[in-house]
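Enquirer: Sequential numbering of the sequence shown, starting at 3, is according to the numbering used here.
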Amino acid sequence: MKDSLTIIGGGLAGSEAAWQAAERGIPVVLYEMRSVKRTPVHKTDRCAELVCSNSLGNNQPHSAPYLLKEELRRFQSLVVRSGDAHSVPAGAALAVDRERFSEEITEALRLHPNITLKREEVVDIPREGPVIVATGPLTSSALSERISGLLGQ
3 MKDSLTIIGG GLAGSEAAWQ AAERGIPVVL YEMRSVKRTP VHKTDRCAEL VCSNSLGNNQ
63 PHSAPYLLKE ELRRFQSLVV RSGDAHSVPA GAALAVDRER FSEEITEALR LHPNITLKRE
123 EVVDIPREGP VIVATGPLTS SALSERISGL LGQ
């Protein structure tokens, strides 16, 4: 049995999952393909790159997105901490400077002693140890086909 957590995908979910596990002493291998394989919408190879909107949602007290971010703050969320540190004016939303936001998250992940950041495309789901697939809507075609095959679709 493998003694580390494998996370495939370095977007918001994968980056946060890696951070939370690593902060709890769990060794993490985080895979992000964008150094070697580009997507149609990403402009960098950084983790947690925001591509559609620079907003992390409503920041009005008592709204559901605000309460979720408050809960994440209590868990020392890397994503929300970086969002707070690099916020830009956006009315009632928590919007961020995309560049600084993703730079900070990538650097924090890269420097964490419990995280190994691997820059390669994953085309199959590892059979040993726990795995989180956090590739989102821009999953590579090879991995997407493999997942479909595993699900019998």
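Glycine included, every Cβ here is placed at the ideal spot set by N, Cα and C.
Count Cβ pairs between the segment 105–112 and the segment 31–50 that sit closer than 8 Å; are there 3 or more?
Expert: Yes, they touch.
Enquirer: Look at the Cβ atom of Asn61, then the Cβ atom of Leu96, and state whether they are nearer than 8 Å.
Expert: Yes.
Enquirer: Put Thr46 into one of helix, strand or coil per three-state DSSP.
Expert: Thr46: coil per DSSP, three-state reduction.
Enquirer: When the Cα atoms are used, what is the spatial distance from Glu2 to Val30?
Expert: The chain is shown from 3 up to 155; residue 2 falls before or after that span and cannot be answered.
Enquirer: What does the alpha-carbon distance come out to for the pair Asn116 and Thr46?
Expert: Roughly 24 Å between the two C-alpha positions.
Enquirer: With 16 as the cutoff for other CB atoms within 10 Å, does Phe77 come out buried or exposed?
Expert: So Phe77 ends up on the exposed side.
Enquirer: In chain order, what residues of the same chain have a beta carbon less than 6 Å from the beta carbon of Pro67, not counting five sequence neighbours either side?
Expert: So the qualifying residues of the chain are Gly59, Asn60.
Enquirer: Which whole-angstrom value describes the C-beta separation of Gly27 and Ile134, a residue pair presumed to lie in contact below a C-beta threshold of 8 Å?
Expert: That belief does not hold up - the Cβ atoms of Gly27 and Ile134 are roughly 17 Å apart, past 8 Å.
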